[in-house]
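Accompanying notes for the structure given below.
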Ligand code: 5RP
């Protein structure tokens, strides 16, 4: 079994221990959360666990439904007890870059609505300083070229994410620009960078998650490290 697959599985399954009866759970998106959802499906059957989940993407919804997991809309719950999600990079200051799978908008809304947020990653994603991974920025298709050109002028080296020859379309019908923040991430306050990018007209949300994460599960070859 490939090492990163094994580490994702270990971290994803370990975080299921945080889930208890009657909780409302936010389910993130991606290949690491896949293992969480799978394990949760088993736990619900074995332990007759009664939990309600809020999904962050069409892919997660489809998989959770296959396992018989009860899903509700975010607007139909008071709040979320716990969200479990993956990340593309996360560092010791609990700053994460998310959105590699294109679900950053719903992921950020669900995480922000949660009392506790657990991030699950394989060991390659726990880094000294985030920023090597391109930062996904969700933009409205209307006028996205304005945002693109502005990003170029400001040195962010944007790339319009593609699916084949066409722009990649998010679950909300938007485009994604992947931008380079590696040169500035440690020269500015990350929370200000997150706000600065979101303030550009046409930007819906970006994949910087600062001041949201409470606990990190890192899958390693010799077990799972938990950072609080
Ligand atoms: C999707 C995300 C994912 O959590 C992130 O891309 C990590 O994915 P994976 O667990 O497949 O490595 O932010 O928008």
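In my numbering, the protein residues as written are 607 to 834.
Positions of the beta carbon are idealized from the N, C-alpha and C atoms, including for glycine.
Residue environment: residue 784 is assigned as buried (16 or more neighbouring CB atoms within 10 Å of its CB, all protein chains considered). By the neighbour-count definition (other C-beta atoms within 10 Å, threshold 16), residue 650 is a buried residue. Approximately 4 Å separates the beta-carbon atoms of residue 614 and residue 638; this is inside 8 Å, confirming the contact.
Under DSSP, the beta-bridge partners assigned to residue 732 are 696.
Within the model, the alpha-carbon separation for residue 645 versus residue 712 is close to 22 Å. Within the same chain, Cβ atoms closer than 6 Å to the Cβ of residue 666 are found at 633, 635, the five residues on either side in sequence being excluded. DSSP places residue 833 inside the beta strand (DSSP E), whose first and last residues are 829-833. Residue 680 is positioned such that its CB atom lies no closer than 9 Å to that of residue 671. Taken through DSSP and simplified to helix, strand or coil, residue 775 comes out as coil. By the neighbour-count criterion, in which a residue is buried when 16 or more other Cβ atoms sit within 10 angstroms of its Cβ, residue 641 is buried. Taking C-beta atoms as the reference points, residue 703 and residue 774 fail to come closer than 9 Å. For residue 784, the three-state secondary structure derived from DSSP is strand. Residue 697 sits buried, since 16 or more C-beta atoms from the chains shown fall within 10 Å of its C-beta. In the displayed model, residue 636 falls within coil according to three-state DSSP, outside both helix and strand.
Across the structure, residue 610 and residue 617 are spaced so that their CA atoms are roughly 10 Å apart.
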